[in-house]
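Worksheet: one structure, shown below.
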Amino acid sequence: MCGIAGIHAYLEVAPPVDRAELGRINDRMAARGPDGEGLWLADDGRTGFAHRRLAIIDLSDAGLQPMHSACGRYTITFNGEIYNYLELRRELADKGHVFRSGSDTEVLLHLFAEYGIEMVRRLRGMFAFGIWDATKRRLVLARDPLGIKPLYWADDGWTVRFASQAKALLAGGAVASDPDSAGIVGFHLFGSVPEPFTVWREIRALPAGATMVVDATGPHPAERFYDVAGALAERALRPGRGEPAAQLADAVRDSVRHHLVADVPVAVFLSAGLDSGALLGTMAGLGATATTAVTLAFAEFKGLPVDEAPLAAEVAGRYGARHVVRTVDRAEFESDLPAILDAMDLPTVDGINTWFVSKAAREAGVKVALSGLGADECFGGYPSFRDVPRSVHWLRPVSWIPGVGTLARRGLSAAIRAGLPLHPKAAGVLQYGGSWAGAYLLRRSVYMPWELEDLLSPDLLEEGLRRLAPLSHVAAVLQGARGLGDFDRVSVLETSLYMRNQLLRDADWAGMAQSVEIRVPFVDPFFLAALPAGPALARLNAKDAVAAVPDPPLPDTVRGRRKTGFVTPVGRWLREVSGPASSGMPDFSAASRGWALRVWQSGWTPPVAA
Amino acid sequence: MAVRILALVGDAYGARGGIARYNRDLFGALAASGAEILVLPRLGDAEGVALPAGVRQRPAIFGRLGFSLSALWQAWRYRPVDVVFCGHVFMAPLAVLVARLVGARYWLQAHGTDIWNDRRDHVRRAIEAADLLTTVSRGTRRRLLGWVDLAPERVRVLPNTVDERFAPGAPAKAVQQKLQAGPGPVLLTVGRLAASERYKGHELVFAALPALRERFPDLVHLVAGEGDDRARLEARALELAGPGAVKFLGFVPDQDLPDLYRLADLFVMPSSEEGFGIVYLEAAACGLRVIGGAGGGSSDAIPDRRVGDIVDPGDRDGLVAAVTRLLGEGRVDPAAIEPYRRPHFTAAASRLLARLVARPRRMRGAS
Numbered sequence: 013m014c015g016i017a018g019i020h021a022y023l024e025v026a027p028p029v030d031r032a033e034l035g036r037i038n039d040r041m042a043a044r045g046p047d048g049e050g051l052w053l054a055d056d057g058r059t060g061f062a063h064r065r066l067a068i069i070d071l072s073d074a075g076l077q078p079m080h081s082a083c084g085r086y087t088i089t090f091n092g093e094i095y096n097y098l099e100l101r102r103e104l105a106d107k108g109h110v111f112r113s114g115s116d117t118e119v120l121l122h123l124f125a126e127y128g129i130e131m132v133r134r135l136r137g138m139f140a141f142g143i144w145d146a147t148k149r150r151l152v153l154a155r156d157p158l159g160i161k162p163l164y165w166a167d168d169g170w171t172v173r174f175a176s177q178a179k180a181l182l183a184g185g186a187v188a189s190d191p192d193s194a195g196i197v198g199f200h201l202f203g204s205v206p207e208p209f210t211v212w213r214e215i216r217a218l219p220a221g222a223t224m225v226v227d228a229t230g231p232h233p234a235e236r237f238y239d240v241a242g243a244l245a246e247r248a249l250r251p252g253r254g255e256p257a258a259q260l261a262d263a264v265r266d267s268v269r270h271h272l273v274a275d276v277p278v279a280v281f282l283s284a285g286l287d288s289g290a291l292l293g294t295m296a297g298l299g300a301t302a303t304t305a306v307t308l309a310f311a312e313f314k315g316l317p318v319d320e321a322p323l324a325a326e327v328a329g330r331y332g333a334r335h336v337v338r339t340v341d342r343a344e345f346e347s348d349l350p351a352i353l354d355a356m357d358l359p360t361v362d363g364i365n366t367w368f369v370s371k372a373a374r375e376a377g378v379k380v381a382l383s384g385l386g387a388d389e390c391f392g393g394y395p396s397f398r399d400v401p402r403s404v405h406w407l408r409p410v411s412w413i414p415g416v417g418t419l420a421r422r423g424l425s426a427a428i429r430a431g432l433p434l435h436p437k438a439a440g441v442l443q444y445g446g447s448w449a450g451a452y453l454l455r456r457s458v459y460m461p462w463e464l465e466d467l468l469s470p471d472l473l474e475e476g477l478r479r480l481a482p483l484s485h486v487a488a489v490l491q492g493a494r495g496l497g498d499f500d501r502v503s504v505l506e507t508s509l510y511m512r513n514q515l516l517r518d519a520d521w522a523g524m525a526q527s528v529e530i531r532v533p534f535v536d537p538f539f540l541a542a543l544p545a546g547p548a549l550a551r552l553n554a555k556d557a558v559a560a561v562p563d564p565p566l567p568d569t570v571r572g573r574r575k576t577g578f579v580t581p582v583g584r585w586l587r588e589v590s591g592p593a594s595s596g597m598p599d600f601s602a603a604s605r606g607w608a609l610r611v612w613q614s615g616w617t618p619p620v621a622a
Numbered sequence: 004m005a006v007r008i009l010a011l012v013g014d015a016y017g018a019r020g021g022i023a024r025y026n027r028d029l030f031g032a033l034a035a036s037g038a039e040i041l042v043l044p045r046l047g048d049a050e051g052v053a054l055p056a057g058v059r060q061r062p063a064i065f066g067r068l069g070f071s072l073s074a075l076w077q078a079w080r081y082r083p084v085d086v087v088f089c090g091h092v093f094m095a096p097l098a099v100l101v102a103r104l105v106g107a108r109y110w111l112q113a114h115g116t117d118i119w120n121d122r123r124d125h126v127r128r129a130i131e132a133a134d135l136l137t138t139v140s141r142g143t144r145r146r147l148l149g150w151v152d153l154a155p156e157r158v159r160v161l162p163n164t165v166d167e168r169f170a171p172g173a174p175a176k177a178v179q180q181k182l183q184a185g186p187g188p189v190l191l192t193v194g195r196l197a198a199s200e201r202y203k204g205h206e207l208v209f210a211a212l213p214a215l216r217e218r219f220p221d222l223v224h225l226v227a228g229e230g231d232d233r234a235r236l237e238a239r240a241l242e243l244a245g246p247g248a249v250k251f252l253g254f255v256p257d258q259d260l261p262d263l264y265r266l267a268d269l270f271v272m273p274s275s276e277e278g279f280g281i282v283y284l285e286a287a288a289c290g291l292r293v294i295g296g297a298g299g300g301s302s303d304a305i306p307d308r309r310v311g312d313i314v315d316p317g318d319r320d321g322l323v324a325a326v327t328r329l330l331g332e333g334r335v336d337p338a339a340i341e342p343y344r345r346p347h348f349t350a351a352a353s354r355l356l357a358r359l360v361a362r363p364r365r366m367r368g369a370s
């Protein structure tokens with residue numbers, strides 16, 4: 013778990029790599045890796061890699077990066093963890109590979125030498141890396157299947173640069189900060205910037221589950237090696253393997269077991285919810301003792317039923333954990349806010365909770381923690397699993413009548429502006445609700461496209477909507493979902509959009525800013541493939557099944573509580589910090605609209621020249 | 004089998020100007036790597052011009068309709084066509100049509116000002132249809148990506164190359180005598196004197212001359228080039244720099260340019276909108292340090308301090324300081340220009356062609 017960066021001057025006329033620029037990029041990511049740093053420049057000065065290290069596996073200097081293969085042909089800079097690295101290492105050793113360290117990084121080098129870029133399919137874990145092949149003179153970039161670890165790249169036509177953070181590329185000083193209308197419109201619609209866009213035109217995200225080759229002609233189009241819709245379609249076709257609840261329990265145990273691989277203690281972020289409790293219980297069942305469990309509490313909630321700390325304490329006690337409760341108040345939030353906005357790599361409406369729970373973990377001496385992130389996406393924990401299919405089935409006939417949706421939206425919008433007590437998004441129900449992409453956009457958006465006229469300049473808005481094409485953007489993740497049932501479709505949408513662009517990105521910047529590695533056992537292609545098919549999960553009421561995975565199972569108090577949902581005062585602080593919402597209406601968006609505007613106004617792109 | 008390219012261009016063989024020269028360089032490079040090229044120009048007469056092996060050029064047709072019909076007919080006859088090359092954005096909509104007709108990949112070349120101004124929707128779509136888009140500079144690429152929706156990896160930079168004739172050496176005596184530039188130092192600008200190209204920055208140089216001549220009393224500024232703005236510029240030179248400071252040479256034939264560069268001490272053209280500025284490269288290849296202007300693609304011809312400097316086109320004092328400093332730094336290291344020499348250009352062009360033909364065809368063609 014670390015920060016990585018690299019510069020490759022692929023065109024002959026390009027000046028050689030500027031070591032100072034590479035250093036500046038690396039320094040911007042200091043928090044990602046406080047345990048060491050490394051910088052490597054090829055002899056010809058045309059390629060350079062940098063690395064910030066947070067030592068988790070093989071803490072010795074043998075794990076330092078950038079790392080070279082014994083033959084000198086391959087060099088790697090790698091961010092992430094490979095949970096099956098010991099299995100892969102044994103397999104490679106049988107083929108005659110000789111290892112010099114105990115690190116997973118070295119396994120990647122050997123695996124690449126053996127299989128080439130196809131090796132990414134063998135990896136179980138989270139990763140983003142760059143490998144330089146000095147013989148073929150090729151740079152290969154890769155990012156894990158579900159997008160846990162970020163990787164950004166920028167190409168000016170002569171030289172390509174990459175880094176774990178977009179802001180780090182800017183800090184190098186050679187990448188332009190021209191605004192990207194698609195990313196800006198995307199942020200206002202979704203509350204997070206949809207990949208591959210960023211808010212800067214020259215910087216792009218390498219999509220999750222993709223690789224990219226850079227040769228003497230520059231970067232080639234990214235090639236996908238994993239796609240959620242395809243994976244769930246494959247799962248749906250596989251015959252059931254025994255009783256679904258037992259299958260689910262096996263999958264959870266297997267994933268947690270893999271995610272415990274580390275040379276430092278692994279902790280857990282514990283709320284009063286089922287998912288994190290199930291993780292702690294499963295860890296205990298696998299023999300992890302005295303696990304540190306970190307719970308966030310809020311001063312405002314003390315003594316109220318919404319306080320999570322007492323229930324979390326009950327769960328921690330049941331599984332013998334060392335329970336750390338960290339109380340946050342509004343004053344701390346306000347004093348941290350500048351640091352939060354600085355660490356936020358791309359604008360987002362979320363991530364504050366992760367910031368504080370990671371901060372608490374760091375204070376407790378924790379370097380690695382498991383999180384229940386991703387459980388709602390695979391077990392159907394969101395209201396969208398009910399609402400989106402219902403909307404599509406009911407409203408599809410309306411969407412067949414041309415013009416009705418638009419007309420209704422215009423009329424309702426006007427009425428809402430005139431005082432009709434409905435949320436502004438409600439105006440779009442007929443226009444958007446009849447398609448999967450539209451219904452999902454309606455459910456997840458902060459603003460809807462027609463509302464952006466009040467917030468963004470007409471040119472930027474028009475160009476951004478054209479470049480992003482929001483409905484096509486959403487629909488694209490469902491390509492390959494043909495034949496999938498309702499549950500799986502929503503699962504694909506939530507996993508490929510909300511989880512990837514919002515939750516995982518927030519977990520990365522907020523965790524890394526505190527030098528804490530967040531591991532997500534519910535975000536794992538091997539785990540997803542091992543689960544029962546979507547219809548079985550839907551019938552099973554997967555959340556109940558999750559609660560029953562540990563032995564003993566989660567206490568009834570936790571199982572009964574879940575209907576109240578996860579409540580924090582952070583939303584209220586955000587609203588208060590950002591001033592009253594402009595509409596004055598109750599807010600049912602994913603996050604406060606006022607907060608979205610506050611984040612955007614904190615200054616991301618240079619002012620556009622008139 | 005050889006890769007077959009149909010090239011729609013404004014001009015190439017038997018024509019003058021930077022774009023024609025770039026097209027010739029490119030076709031020569033592609034033919035050297037084994038491609039067969041049929042060139043359809045709107046201007047230029049290749050009669051009597053020796054074309055590289057593998058390159059043929061049809062007679063020019065200027066009229067828009069005639070050219071379009073001819074292009075469609077020639078494309079059909081030239082099947083199988085692997086690549087349709089389009090040398091100017093003006094012809095991009097036609098090139099899209101031709102490429103679809105014969106099922107070929109579509110390669111569009113953008114130079115500079117050609118893609119900066121015309122932003123109509125159908126032009127944008129014709130650009131966005133390109134399988135490969137090459138620009139001569141990073142600046143042009145960045146401006147293009149600022150308004151068209153093309154994946155950045157599809158837009159590649161293929162910089163201008165510089166001819167072997169441009170190399171350091173002593174200037175020919177005849178040129179020295181003809182110009183009588185005096186003891187110098189000699190500043191040189193080479194470029195069209197067109198009212199539409201006032202961005203080249205002649206007047207800024209004139210304005211800097213009085214201060215420079217205080218320090219270097221024998222300094223002269225030679226201005227090579229012809230155009231409809233010459234009379235006005237001559238008047239401005241007199242007004243800003245006084246008599247005898249600027250010498251207008253008129254049009255200088257291509258074969259005399261290397262000697263002109265060798266005779267000068269510094270190349271100065273603080274242009275704000277150069278697509279690439281091949282003249283910077285030619286001057287540097289002859290050993291001259293160069294000064295270009297910020298904006299446009301000049302920074303690609305002047306990539307680092309080994310070659311010269313870039314000044315703000317509105318900053319007279321900055322220009323005076325840069326000229327004074329560079330005059331003291333002597334000649335350019337030839338190694339700095341080596342990557343722009345022809346073997347490197349040929350290799351880069353053939354790599355791009357190989358990358359393009361490795362892509363599947365856009366649609367099932369007639370081939």
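Chains A and B are the protein sequences, given in the same order. Residue numbering for the first sequence follows the working numbering, starting at 13 and increasing by one per position. Residue numbering for the second sequence follows the working numbering, starting at 4 and increasing by one per position. Note that the Cβ used here is the ideal one computed from N, Cα and C, for glycine as well. For clarity, every value in this text was computed on a predicted model and none was experimentally measured.
If you follow the alpha helix (DSSP H) that Asp471 (chain A) is in, where does it begin and where does it stop?
Pro470 to Leu480 is the extent of the alpha helix (DSSP H) around Asp471 (chain A).
Closer than 8 Å by beta-carbon distance: list the chain B residues that pair up with Gly221 (chain A), in chain order.
Per Cβ cutoff of 8 Å: no residues; Gly221 (chain A) is ~17 Å from chain B at best.
Report the residue ranges of all alpha helix (DSSP H) runs contained in full by the segment 10-38 of chain B; include only those spanning at least 4 residues, in chain order.
For the segment 10-38 of chain B, whole alpha helix (DSSP H) runs of length 4 or above, ordered along the chain, are 21-35.
May I ask you to report which of helix, strand or coil DSSP gives Glu255 (chain A)?
DSSP places Glu255 (chain A) in coil when its eight states are reduced to three.
For the beta strand (DSSP E) containing Cys390 (chain A), name the first residue and the last one.
Looking at the DSSP string, Cys390 (chain A) is not in any beta strand (DSSP E); the run it does join, the alpha helix (DSSP H), is Ala387 to Phe391.
Find out if the Cβ-Cβ distance for the pair Ser204 (chain A), Pro533 (chain A) is shorter than 7 Å.
Not in contact: Ser204 (chain A) and Pro533 (chain A) (Cβ atoms no closer than 7 Å).
Using the rule of at least 16 other Cβ atoms within 10 Å of the residue's Cβ for burial, across every protein chain shown, is Thr569 (chain A) buried or exposed?
Thr569 (chain A) is exposed by the Cβ-count criterion.
Assuming Ala462 (chain A) and Arg429 (chain A) are in contact, meaning their beta carbons sit under 8 Å apart, how far apart are those beta carbons, in whole angstroms?
Just to set this straight, residue 462 (chain A) is Trp in the shown sequence, not Ala. Contact flag wrong, Cβ pair sits at about 12 Å.
Go ahead and pull the three-state DSSP assignment for Arg59 (chain B).
In this structure, Arg59 (chain B) counts as strand in the three-state DSSP scheme.
Under the rule that 16 or more other beta-carbon atoms within 10 Å means buried, what is Ala343 (chain A), buried or exposed?
It is exposed - the Cβ of Ala343 (chain A) has fewer than 16 other Cβ atoms within 10 Å.
Determine the burial state of Tyr22 (chain A): buried for a count of at least 16 other Cβ atoms within 10 Å of its Cβ, exposed for fewer.
Buried, by the Cβ-count rule.
DSSP has Glu235 (chain A) in a bridge; who is on the other side?
Glu235 (chain A) is bridged to A:Thr223.
Do Arg59 (chain B) and Leu41 (chain B) have their beta-carbon atoms positioned less than 7 Å apart in this structure?
Contact flag set, yes.
Using the beta-carbon count (16 or more within 10 Å), is Lys555 (chain A) buried or exposed?
Lys555 (chain A) is buried by the Cβ-count criterion.
Assuming Ser115 (chain A) and Asp70 (chain A) form a contact by the criterion Cβ under 8 Å, report the distance between their Cβ atoms to the nearest whole angstrom.
With 8 Å as the limit, Ser115 (chain A) and Asp70 (chain A) qualify as a contact, their Cβ atoms being about 4 Å apart.
If the cut is a Cβ gap below 8 Å, which residues of chain A does Arg141 (chain B) touch?
Chain A residues near Arg141 (chain B): Asp168, Gly169 and Trp170.
Ends of the alpha helix (DSSP H) at Asn365 (chain A)?
Ile364 to Glu375 is the extent of the alpha helix (DSSP H) around Asn365 (chain A).
Determine, using beta carbons only, whether Leu355 (chain B) comes closer than 7 Å to chain A.
At least one chain A Cβ lies under 7 Å of Leu355 (chain B).
What residues of chain A sit near Asp307 (chain B), judged by a beta carbon separation below 8 Å?
Residues of chain A passing the Cβ test: Pro27.
Excluding the 5 residues flanking Val225 (chain A) on each side, which residues of the same chain have their C-beta closer than 7 Å to its C-beta?
Same-chain partners within the cutoff: Arg150, Val152 and His232.
Indicate whether at least one CB of chain B lies closer than 7 Å to the CB of Val620 (chain A).
Because the pLDDT of Val620 (chain A) is 48, which lies under 50, any placement of that residue in the model is unreliable, and the question is left without a value.
Can you list, in chain order, the residues of its chain with a C-beta nearer than 6 Å to that of Thr339 (chain A)? Leave out the 5 residues immediately preceding and following it.
Same-chain partners within the cutoff: Ala309 and Ala311.
Could you spell out the range, first to last residue, of the alpha helix (DSSP H) harbouring Leu326 (chain A)?
Leu is not the amino acid found at residue 326 (chain A); the sequence shown has Glu there. Ala321 to Arg330 is the span of the alpha helix (DSSP H), which, as asked, contains Glu326 (chain A).
Is there a Cβ of chain B sitting closer than 7 Å to that of Arg236 (chain A), yes or no?
Not one chain B Cβ lies under 7 Å of Arg236 (chain A).
Counting Cβ pairs, one atom from each stretch, are 3 or more of them under 8 Å apart for the segment 323-330 of chain B and the segment 295-305 of chain B?
Cβ pair count under 8 Å is below three, so no.
Rounded to whole angstroms, what is the Cα-Cα separation between Phe313 (chain A) and Glu506 (chain A)?
Each residue's Cα considered, the two are about 30 Å apart.
Curious, which full-length beta strand (DSSP E) runs of at least 3 residues does the segment 163-194 of chain B contain?
DSSP runs (the beta strand (DSSP E)) wholly in the segment 163-194 of chain B: 189-193.
Mind listing the chain D neighbours of Pro162 (chain B)? Cutoff is C-beta to C-beta under 8 Å, in chain order.
Structure shown: chain D not included; protein chains present are A and B.
Contact criterion: CB-CB distance below 7 Å. Does Pro316 (chain B) meet it with respect to chain A?
Cβ-Cβ to chain A under 7 Å: no for Pro316 (chain B).
Whole angstroms is fine: what's the gap from Trp79 (chain B)'s alpha carbon to Ala5 (chain B)'s?
Going from the Cα of Trp79 (chain B) to the Cα of Ala5 (chain B) covers about 18 Å.
State the Cα-Cα distance for the pair Met295 (chain A) and Val273 (chain A), rounded to the nearest angstrom.
Between Met295 (chain A) and Val273 (chain A), the C-alpha separation is close to 12 Å.
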